[in-house]
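Student:
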Amino acid sequence: MNRVVGRGWATVELERAASELAGSLAPDTLFEAAPRSAILGARCLRGRAGHDFEENDGGADWIVLLEPDTEGRLAAFLARSGEGWAATWTMTTSPKGTNGAPGPLGEERLDHTRRAAGPYRLLLSAATIEP
Numbered sequence: 036m037n038r039v040v041g042r043g044w045a046t047v048e049l050e051r052a053a054s055e056l057a058g059s060l061a062p063d064t065l066f067e068a069a070p071r072s073a074i075l076g077a078r079c080l081r082g083r084a085g086h087d088f089e090e091n092d093g094g095a096d097w098i099v100l101l102e103p104d105t106e107g108r109l110a111a112f113l114a115r116s117g118e119g120w121a122a123t124w125t126m127t128t129s130p131k132g133t134n135g136a137p138g139p140l141g142e143e144r145l146d147h148t149r150r151a152a153g154p155y156r157l158l159l160s161a162a163t164i165e166p
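Using my numbering, the first residue of the sequence shown is number 36, and each one after it goes up by one.
1. When the distance is taken between beta carbons, is residue 99 closer than 8 Å to residue 79?
2. Short check: CB of residue 123 to CB of residue 38, under 8 Å?
3. Between the beta-carbon of residue 69 and the beta-carbon of residue 81, is there less than 8 Å?
4. Between 119, 157, 127, 148, which has its C-alpha nearest residue 137's C-alpha?
5. Determine the DSSP secondary structure at residue 138, reduced to helix, strand or coil.
6. If I measure Cβ to Cβ from residue 49 and keep anything under 6 Å in the same chain, skipping five residues before and after, which residues do I get?
7. Leaving out the 5 sequence neighbours to the left and right, which residues in its chain are closer than 6 Å to residue 164 when beta-carbon positions are compared?
8. Considering residue 51, what are the terminal residues of the alpha helix (DSSP H) in which it resides?
9. Where do the ends of the beta strand (DSSP E) carrying residue 114 lie?
10. Determine the direct distance from the alpha carbon of residue 62 to that of residue 108, and round the result to whole angstroms.
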């Protein structure tokens, strides 16, 4: 069984996006620094999703803001599509692959069954999400 645990917003300015999306967070929480996504080529901020966001967006627990720091997947997504929802992190029960990489919600793997141009789905194995 797969469960959506995070949604990622692609932006060219993390601080502005954090201000604009602050209303989607749980009460009394803020976006915080998170490990970068090596697969997407992005520096990240993450925040706990508020109840309204969780209900209306497939149950995602986290909102991750993504700003490109390489000329990788996220930079290409922004060039093609502009700012917007660019990634979904899904908890999977399938065994970890050998291509896992550090990410804002733990070790992530790219779901290669999706479009190469994004939006991207990243797979997390059970017990990889950091508090």
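Note that CB positions come from ideal geometry on N, CA and C, so glycine has one too.
Tutor: With the given structure in hand:
1. Within the sequence shown, the letter at position 44 stands for residue 79. Within the sequence shown, the letter at position 64 stands for residue 99. Yes, the Cβ-Cβ distance between residue 79 and residue 99 is below 8 Å.
2. Start at 1 with the first residue of the sequence shown, and residue 123 comes out as number 88. Start at 1 with the first residue of the sequence shown, and residue 38 comes out as number 3. No.
3. On the sequence shown, position 34 is the one that residue 69 refers to. On the sequence shown, position 46 is the one that residue 81 refers to. Yes. Within cutoff.
4. Taking the sequence shown and counting its residues from 1, one reaches residue 137 at position 102. Nearest option by C-alpha distance: 157.
5. Within the sequence shown, numbered from 1, the residue matching residue 138 stands at position 103. Coil, per DSSP.
6. As a working note, residue 49 is residue 14 in the sequence shown. Listed in chain order, the non-local C-beta contacts of residue 49 below 6 Å within the same chain comprise 80, 100, 102, local neighbours out to five positions each way being set aside.
7. Numbered from its first residue, the sequence shown carries residue 164 at position 129. Summary for residue 164: the model assigns pLDDT 49, below 50, so the residue's position carries little reliability; its value from the coordinates is reported in the next sentence. By the criterion of a C-beta distance shorter than 6 Å, residue 164 is surrounded in its chain by 140, 141, once the five residues flanking it on both sides are discounted.
8. Position 16 of the sequence shown holds residue 51. Unbroken alpha helix (DSSP H) run through residue 51: 49–56.
9. Taking the first residue of the sequence shown as 1, we reach residue 114 at position 79. Not the beta strand (DSSP E): residue 114 falls in the alpha helix (DSSP H), residues 108–116.
10. Here residue 108 is taken as the residue at index 73 of the sequence shown, counted from 1. Here residue 62 is taken as the residue at index 27 of the sequence shown, counted from 1. Between residue 108 and residue 62, the C-alpha separation is close to 32 Å.
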